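Peer 1:
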Amino acid sequence: MRDARLESSLDLPVDPPRAGESKQAWVYRQIRERILRGVLPSGGRLPSTRDLAARWHVARSTVEAAYDQLRGEGYTAGT
Numbered sequence: 001m002r003d004a005r006l007e008s009s010l011d012l013p014v015d016p017p018r019a020g021e022s023k024q025a026w027v028y029r030q031i032r033e034r035i036l037r038g039v040l041p042s043g044g045r046l047p048s049t050r051d052l053a054a055r056w057h058v059a060r061s062t063v064e065a066a067y068d069q070l071r072g073e074g075y076t077a078g079t
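In full-length UniProt numbering, the protein residues as written are 1 to 79.
1. Could you say which of 28, 20 and 33 lies nearest to residue 65 if we only look at CA atoms?
2. Is residue 77 near residue 43, with beta carbons less than 8 Å apart?
3. In this structure, does DSSP put residue 28 in helix, strand or coil?
4. So, are the CB atoms of residue 75 and residue 35 less than 8 Å apart?
5. Between the Cα of residue 49 and the Cα atoms of 55, 40, 60 and 56, which residue gives the shortest distance?
Following this line, the structure appears as C-alpha cells:
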C-alpha cells in the first residue's frame, strides 16, 4: 500500500534545474530539500526509482545515483 502523504509530497512543484546543474544533482537537491523541510522523513524510505523517474521525467539511473548520494550522506535508509 502506498503512503498518500509521500505520494503527494512528490507531486509538489519542483524547482527547475539551476544553470549548469546535472539532472542527478537536481533530483538530489529536490529530495534533500523535502527532507530538510520535513516533507519527507529523514532516514525513511523513498518511492521506487521507477516511480520517481516517471514522475519527474528523468532516467531511472539518474534517480538511482541521487538516491545513492542521499544514502551515503545519511538522509535516507539503505536497502
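A virtual CB, placed ideally from N, CA and C, is assigned to each residue, including glycine.
Source: prediction; values computed, not measured.
Peer 2: In terms of the structure at hand:
1. 28
2. yes
3. helix
4. yes
5. 60
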